[in-house]
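What follows is a single structure, written as structure tokens, with notes after it.
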Amino acid sequence: MARPEIPVDPNGPIAEFAIGLRALREQADLSIGQIAAMVHCSKSTISRALSGRSLPNWEVTRAFVGVCRGDIGEWHARWMRAQMTVSDAMSVPPEPDEVDLDVVRSPEDLAAALKALAVGRSYAQLNRAAQPEGLPPSTLSDMFRHGRPSERTLEVFVRACGVDRRQQVAWRAAWQRAMTFEPPKPAGMVRVADADPRRLGVHAAIDVPKTSGASVTSPRVDAAEVVGELPAYVERDADSGPGGMRALLARAVERGGLVVLVGGSSVGKTRSAYEALRTVMPEWRLLHPADVGQIDQAAATSPSRLVVWLDELQRYLGDGGGDGLRVGTVRALLDAGSVLVGTLWPDRYAAYTAPPAPGELDRYAEARQILGLADIVLVAADFSPAEQERAHAAAQADARIALALESADYGLTQTIAAAPQLVALWRGAAPYAAAVLAAAVDATRLGVHSPLSPELLRVAAPGYCDARQRAIAPANWFEAAMAYATASVQGGAALLAPVASHGGMGQVDGYLVADYLQQVVGRQRRTARVPNTTWQALLDHLTDPADLAQIERAAVYHGFLHQDADPSHHRADTSDDDVDRAALLAVPRYADKREHVDGGVKDDCVAEQAMAADPPPELISPDRAARRDRVAGLLQEARQGRREAFNLIAAELTPLLCQVMRCQGLDKEAAEDAIQTIWLTLLRHLDAITAPRGPGRVAGRDRDARSMAGTGHPT
Numbered sequence: 004m005a006r007p008e009i010p011v012d013p014n015g016p017i018a019e020f021a022i023g024l025r026a027l028r029e030q031a032d033l034s035i036g037q038i039a040a041m042v043h044c045s046k047s048t049i050s051r052a053l054s055g056r057s058l059p060n061w062e063v064t065r066a067f068v069g070v071c072r073g074d075i076g077e078w079h080a081r082w083m084r085a086q087m088t089v090s091d092a093m094s095v096p097p098e099p100d101e102v103d104l105d106v107v108r109s110p111e112d113l114a115a116a117l118k119a120l121a122v123g124r125s126y127a128q129l130n131r132a133a134q135p136e137g138l139p140p141s142t143l144s145d146m147f148r149h150g151r152p153s154e155r156t157l158e159v160f161v162r163a164c165g166v167d168r169r170q171q172v173a174w175r176a177a178w179q180r181a182m183t184f185e186p187p188k189p190a191g192m193v194r195v196a197d198a199d200p201r202r203l204g205v206h207a208a209i210d211v212p213k214t215s216g217a218s219v220t221s222p223r224v225d226a227a228e229v230v231g232e233l234p235a236y237v238e239r240d241a242d243s244g245p246g247g248m249r250a251l252l253a254r255a256v257e258r259g260g261l262v263v264l265v266g267g268s269s270v271g272k273t274r275s276a277y278e279a280l281r282t283v284m285p286e287w288r289l290l291h292p293a294d295v296g297q298i299d300q301a302a303a304t305s306p307s308r309l310v311v312w313l314d315e316l317q318r319y320l321g322d323g324g325g326d327g328l329r330v331g332t333v334r335a336l337l338d339a340g341s342v343l344v345g346t347l348w349p350d351r352y353a354a355y356t357a358p359p360a361p362g363e364l365d366r367y368a369e370a371r372q373i374l375g376l377a378d379i380v381l382v383a384a385d386f387s388p389a390e391q392e393r394a395h396a397a398a399q400a401d402a403r404i405a406l407a408l409e410s411a412d413y414g415l416t417q418t419i420a421a422a423p424q425l426v427a428l429w430r431g432a433a434p435y436a437a438a439v440l441a442a443a444v445d446a447t448r449l450g451v452h453s454p455l456s457p458e459l460l461r462v463a464a465p466g467y468c469d470a471r472q473r474a475i476a477p478a479n480w481f482e483a484a485m486a487y488a489t490a491s492v493q494g495g496a497a498l499l500a501p502v503a504s505h506g507g508m509g510q511v512d513g514y515l516v517a518d519y520l521q522q523v524v525g526r527q528r529r530t531a532r533v534p535n536t537t538w539q540a541l542l543d544h545l546t547d548p549a550d551l552a553q554i555e556r557a558a559v560y561h562g563f564l565h566q567d568a569d570p571s572h573h574r575a576d577t578s579d580d581d582v583d584r585a586a587l588l589a590v591p592r593y594a595d596k597r598e599h600v601d602g603g604v605k606d607d608c609v610a611e612q613a614m615a616a617d618p619p620p621e622l623i624s625p626d627r628a629a630r631r632d633r634v635a636g637l638l639q640e641a642r643q644g645r646r647e648a649f650n651l652i653a654a655e656l657t658p659l660l661c662q663v664m665r666c667q668g669l670d671k672e673a674a675e676d677a678i679q680t681i682w683l684t685l686l687r688h689l690d691a692i693t694a695p696r697g698p699g700r701v702a703g704r705d706r707d708a709r710s711m712a713g714t715g716h717p718t
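Just add 3 to wherever you are in the sequence shown, counting from 1, and you've got the numbering used here.
Below you can see the structure in the form of structure tokens.
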């Protein structure tokens with residue numbers, strides 16, 4: 004329990020001033036220790052300011068008033084009136100050894116100790132006692148105000164106050180401590196031009212692989228070298244104009260100001276503020292405070308040409324519990340000419356500024372007053388037509404912007420901001436979450452456009468886990484995996500985004516893979532084998548007719564499903580090895596890139612023709628069993644050394660393989676490479692192929708022969 008303060012004699016201007024300070028402290032509900040910590044001085048200094056025995060210097064007074072949310076201008080006038088009335092009628096002088104010198108660490112502390120020693124003595128009395136050297140009023144005033152007397156002045160003064168030789172040694176030691184004092188600098192203070200945007204909260208940009216020729220995203224966008232950590236800045240509409248960010252900062256340079264950008268997560272608020280500061284005030288000092296205490300400390304030092312960076316302002320305003328930023332601190336900074344820049348989400352802004360209901364506790368009164376001092380800049384989530392034009396112009400020099408412009412999931416800034424975190428989440432996913440995500444990515448790259456149901460993902464995921472992972476899976480493996488996959492990044496993006504049901508609000512119909520994640524992971528998995536569980540889950544749980552038809556075709560092409568089978572009765576009762584062997588014949592390669600036309604030769608790729616056409620009639624012929632037998636017979640002849648039989652196999656099955664390539668979205672060059680590799684691999688492993696074990700399947704003795712399917716058909 005804190006010790007009660009000693010009552011102040013209400014007579015005199017100094018006592019009246021101290022009583023006012025006490026009332027201000029009680030109103031702010033701060034202890035002496037809290038105030039001392041916030042203004043970075045000793046408790047004794049604050050106690051002396053409240054004692055009524057001496058008038059505190061203006062530096063102490065200003066810091067005290069600032070943290071207690073008082074009006075700096077009003078208190079400066081009161082301090083000046085009290086200072087002018089200091090006279091011989093002060094309290095009784097203390098004994099020299101009553102002054103506590105152990106607390107003296109700074110010039111401010113020394114000034115307070117010198118004034119405490121001089122209590123009850125007028126300037127004239129001190130000057131007479133210091134003869135023959137004397138102490139002029141100007142010297143005394145400067146010493147009491149700044150606490151930086153010369154060593155000789157200190158010796159003359161303490162002798163004039165009756166300090167004996169033993170105590171004079173302690174006074175010299177206190178003077179040395181004060182003269183060597185270095186006030187701590189708030190952490191994170193740098194020039195605006197030297198500030199690291201990533202440390203200020205600007206999100207990392209998406210990573211675009213370096214390519215030559217056309218961009219990885221579209222042949223219409225030229226590839227560009229990515230220079231620097233940040234993509235080219237696309238100027239926002241909120242940056243310019245009379246009420247824009249830069250105009251408000253220019254006005255704040257002249258008289259101080261608080262500017263707050265309000266917008267959703269990852270819409271570009273922080274980047275906009277950073278670019279505006281670099282343009283308007285690059286040479287100013289910037290403080291990125293770790294907590295409210297550092298802001299209080301900055302306010303107590305009356306800084307000039309200082310920017311206080313308050314990204315995610317809700318971190319500093321608090322939850323209304325009384326430990327957040329105070330309006331008095333903000334006013335002190337603004338009075339000193341400082342500029343405060345903050346960002347805030349719309350829902351938090353609405354919560355802070357809404358008045359409380361009748362009879363309800365006003366939790367956000369302090370935050371509402373602070374925001375009442377601010378100029379508000381609204382940052383839209385979607386780009387305006389003018390911003391889109393500027394973005395497309397910037398995309399010519401920055402492939403990251405070009406990639407972001409092609410995303411349908413989120414806006415340009417959200418894509419640039421969230422995509423790296425999405426990829427990091429993908430790479431760091433635990434086995435069961437990775438299995439669910441891989442199933443979703445595979446389903447999407449196979450051509451599914453409708454939302455993926457939880458049941459589909461649950462059935463598909465086990466095929467991406469090994470036997471041990473399946474055996475030790477906890478009971479809630481799927482729920483935990485979905486929680487990880489659907490967790491939002493920075494309030495917006497998620498690996499799997501829920502899609503609302505057509506039936507009403509709050510009903511999830513299924514999940515879609517984030518566009519950028521699909522682009523990145525889909526490329527990584529394009530040669531990976533799709534497990535049986537995924538094929539079966541797609542056939543059993545898809546409800547969209549177009550998606551189901553697409554998956555049925557893909558299942559046939561990839562060897563999982565016979566063309567003459569009924570998908571509704573199909574069972575995934577074959578082993579993965581059998582499916583691999585089926586794929587060996589389901590994904591062959593063209594044997595000759597030259598097509599004979601009317602006796603001549605046409606230099607056209609068969610793959611290109613097939614990829615632009617519907618499936619050839621033989622693929623949907625009811626005589627599929629005869630076709631399988633024919634291919635199997637040709638395979639046996641090819642194993643016996645008949646090259647013509649191998650060429651006939653290639654001619655028979657190349658159109659089917661081309662359809663596989665088209666299904667996977669491969670371009671002409673990639674398709675040709677894949678088809679050529681498959682045929683060469685099959686040719687190398689002909690001796691490992693035995694007679695068919697069943698309709699449409701061939702047995703393989705060598706695992707390399709089965710791995711050829713993974714190389715040859717990019718699933």
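Heads up, the beta-carbon is just placed ideally off N, CA and C, and yes, glycines get one too.
Does DSSP classify Ile-22 as helix, strand or coil?
Three-state result, Ile-22: helix.
Could you pull out every residue in the same chain whose Cβ sits closer than 6 Å to the Cβ of Tyr-2, ignoring the five residues on either side in sequence?
Shown here, the chain extends from 4 to 718; a query on residue 2 therefore has no answer.
C-alpha gap between Glu-278 and Glu-482, whole angstroms:
Approximately 42 Å between the Cα atoms of the pair.
Tell me the DSSP secondary structure of Val-342 in three-state form.
Val-342: strand per DSSP, three-state reduction.
Within a Cβ cutoff of 6 Å, which residues of the same chain sit near Arg-351, ignoring the five residues on either side of it in sequence?
Gln-317.
Need the endpoints of the alpha helix (DSSP H) that Tyr-435 sits in, please.
It spans 434-448 - the alpha helix (DSSP H) in which Tyr-435 sits, taken as one unbroken run.
How far does the alpha helix (DSSP H) with Asp-2 in it reach, from first residue to last?
Any answer about residue 2 is impossible in this case: the structure gives the chain only from 4 up to 718.
If we count the other Cβ atoms within 10 Å of its Cβ and call it buried at 16 or more, is Gly-246 buried or exposed?
When all chains shown are included, Gly-246 counts as exposed.
For the pair the region 513-533 and the region 444-451, tell me if three or more CB-CB distances fall below 8 Å.
Short answer: they touch.
Alpha-carbon to alpha-carbon, Ala-654 and Val-634:
Rounded to whole angstroms, Val-634 to Ala-654 spans 11 Å at the Cα level.
Distance check for Glu-392 and Asp-242, CA to CA, integer angstroms please.
It is roughly 16 Å from the alpha-carbon of Asp-242 to the alpha-carbon of Glu-392.
For Ser-57 and Ala-119, which I take to be in contact (beta-carbon distance under 8 Å), what is that distance rounded to the nearest angstrom?
The pair is a contact, with the Cβ atoms about 6 Å apart (cut-off 8 Å).
Taking Arg-288 as part of the alpha helix (DSSP H), name the residues at either end of that continuous run.
Unbroken run through Arg-288 is the beta strand (DSSP E), 288-290; no alpha helix (DSSP H).
Using the C-alpha atoms, what's the distance from Arg-258 back to Leu-499?
Near 48 Å, if we compare the C-alpha coordinates of Arg-258 and Leu-499.
Give me the Cβ distance between Leu-374 and Val-295, rounded to the nearest whole Å; I'm assuming they're in contact under 8 Å.
No, Leu-374 and Val-295 are not in contact; Cβ-Cβ is about 16 Å, not under 8 Å.
Considering only residues of the region 375-412, which uninterrupted beta strand (DSSP E) runs meet the minimum length of 3 residues and lie entirely inside it, listed in chain order?
Note on the region 375-412: whole beta strand (DSSP E) runs with a minimum of 3 residues are 377-381, in chain order.
Closest to Glu-458 by CA distance: which of Ala-540, Leu-203, Asp-378 and Trp-312 is it?
Closest in C-alpha terms to Glu-458, from the list Ala-540, Leu-203, Asp-378 and Trp-312, comes Ala-540.
Can you list the alpha helix (DSSP H) stretches of 4 or more residues lying completely in the region 233-308, in chain order?
Qualifying alpha helix (DSSP H) stretches, in chain order: 248-258, 272-283 and 295-303.
Would you kindly work out how many angstroms separate the C-alpha atoms of Ala-464 and Ala-673, rounded to a whole number?
Between Ala-464 and Ala-673, the C-alpha separation is close to 29 Å.
Who are Arg-194's beta bridge partners in DSSP?
Arg-194 pairs with Arg-288.
If you count every other CB in all the chains shown that lies within 10 Å of the CB of Asn-60, and 16 or more means buried, which is it?
With 16 or more other Cβ atoms within 10 Å, it is buried.
Where Ala-255 and Pro-135 are concerned, what is the direct C-alpha to C-alpha distance, given to the nearest angstrom?
In a straight line, the C-alpha of Ala-255 is about 53 Å away from that of Pro-135.
Assigned exposure category for Val-342 - 16 Cβ within 10 Å defines buried
By the neighbour-count criterion, in which a residue is buried when 16 or more other Cβ atoms sit within 10 angstroms of its Cβ, Val-342 is buried.
Identify which residue in Thr-64, Arg-162 and Arg-72 has its Cα closest to the Cα of Met-83.
Ranking Thr-64, Arg-162 and Arg-72 by Cα distance to Met-83 puts Thr-64 first.
Measuring only the C-alpha atoms, how far is Thr-142 from Phe-184?
If you take the alpha carbons of Thr-142 and Phe-184, they lie about 21 Å apart.
Can you tell me the Cα-Cα spacing of Glu-675 and Tyr-467, whole angstroms?
Distance between the alpha carbons of Glu-675 and Tyr-467 is about 29 Å.
Is Val-42 closer than 8 Å to Ala-26 when the C-beta atoms are compared?
For Ala-26 and Val-42, no; Cβs fall outside 8 Å.
One question on the structure: do Asp-550 and His-452 come within less than 8 Å of each other, judged by their Cβ atoms?
The criterion of a C-beta distance shorter than 8 Å is satisfied by Asp-550 and His-452.
Separation of Thr-680 from Ala-558, as counted between CA atoms
So the two alpha carbons sit approximately 22 Å from each other.
Just reading off the beta strand (DSSP E) that Asp-512 is part of, what are its end residues?
511-516 is the span of the beta strand (DSSP E), which, as asked, contains Asp-512.
By the 10 Å Cβ neighbour count, where 16 or more other Cβ atoms means buried, how is Glu-62 classified, buried or exposed?
With 16 or more other Cβ atoms within 10 Å, it is buried.
Would DSSP call Pro-658 helix, strand or coil?
For Pro-658, the secondary structure class from DSSP, reduced to helix, strand or coil, is helix.
Assuming Trp-178 and Glu-154 are in contact, meaning their beta carbons sit under 8 Å apart, how far apart are those beta carbons, in whole angstroms?
Sure, about 6 Å apart at Cβ, within 8 Å.
Run through DSSP, which three-state label would Pro-2 get?
Here the chain covers residues 4 to 718 and nothing more, so residue 2 does not appear.
In angstroms with no decimal places, state the Cα-to-Cα distance between Val-172 and Arg-162.
A direct Cα-Cα distance of roughly 12 Å separates Val-172 from Arg-162.
Per-residue DSSP class, three states only, for Ala-500:
In this structure, DSSP gives Ala-500 an extended state, which the three-state scheme calls strand.
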